[in-house]
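Numbering (full-length UniProt numbering), first residue to last: 1 to 125.
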C-alpha cells in the first residue's frame, strides 16, 4: 500500500476543489496515459534533489529505509509536476515534511488521498 503526493509549479489554488482540478489537469497533460514525457523543470528537479538529500532514493537503498515506493524518484516527474508514492508506513512523517519542503520552495502540494492542498492548516508552522 502506498501514499501519494503531487507537487507542481504555479499559482496556489484558492481552495481544495480548485487544487483537485489543477492536479487532474496536470496529471492528464504530463503524467497520464496519453501524456508526452517532458524533462522536469529546474524547480521540480531542485525539489526532488532536496527530497533526496533528506531521504535516500529507493534505487540506492540497501537497508530498506527509503520512504519512496518507486525509483529513481526523478522518474516520477514530468515538466512542472511530480506525482510520487511513498510507503504507507512512513506516510505521516514524510508527507508532512515533503509538503512543507514544497511550500518553502513556492511549489503547490496536493494530497489526493485527503483531496486537499498541503500543508494543511494544522501542519503549518
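Where is the CB? At the ideal position from N, CA and C, for every residue including glycine. This one's a predicted model, so the numbers in the text were calculated from it and none came from an experiment.
Residue range of the alpha helix (DSSP H) that includes residue 82: Taking the first residue of the chain shown as position 1, residue 82 is located at position 82. Not the alpha helix (DSSP H): residue 82 falls in the beta strand (DSSP E), residues 81-87.
Cβ neighbours of residue 54 in the same chain (closer than 8 Å, five flanking residues each side left out): The residue given as residue 54 occupies position 54 in the chain shown. Contacts found: 97, 101.
Residue 83 and residue 6 closer than 8 Å at C-beta: Numbered from 1 along the chain shown, position 83 holds the residue referred to as residue 83. Numbered from 1 along the chain shown, position 6 holds the residue referred to as residue 6. Yes. Within cutoff.
Residue 118, DSSP secondary structure in three states: Translated into positions along the chain shown, residue 118 becomes position 118. In the structure shown, residue 118 sits in a strand (DSSP, three-state: E or B).
Buried or exposed by the 16-neighbour rule on C-beta atoms within 10 Å, applied to residue 42: The sequence position of residue 42 within the chain shown is 42, counting from 1. That one is exposed.
Host alpha helix (DSSP H) of residue 36 (start-end): For the purposes of this step, residue 36 is taken as residue 36 along the chain shown, with counting starting at 1. Run containing residue 36: none; DSSP gives neither H nor E here.
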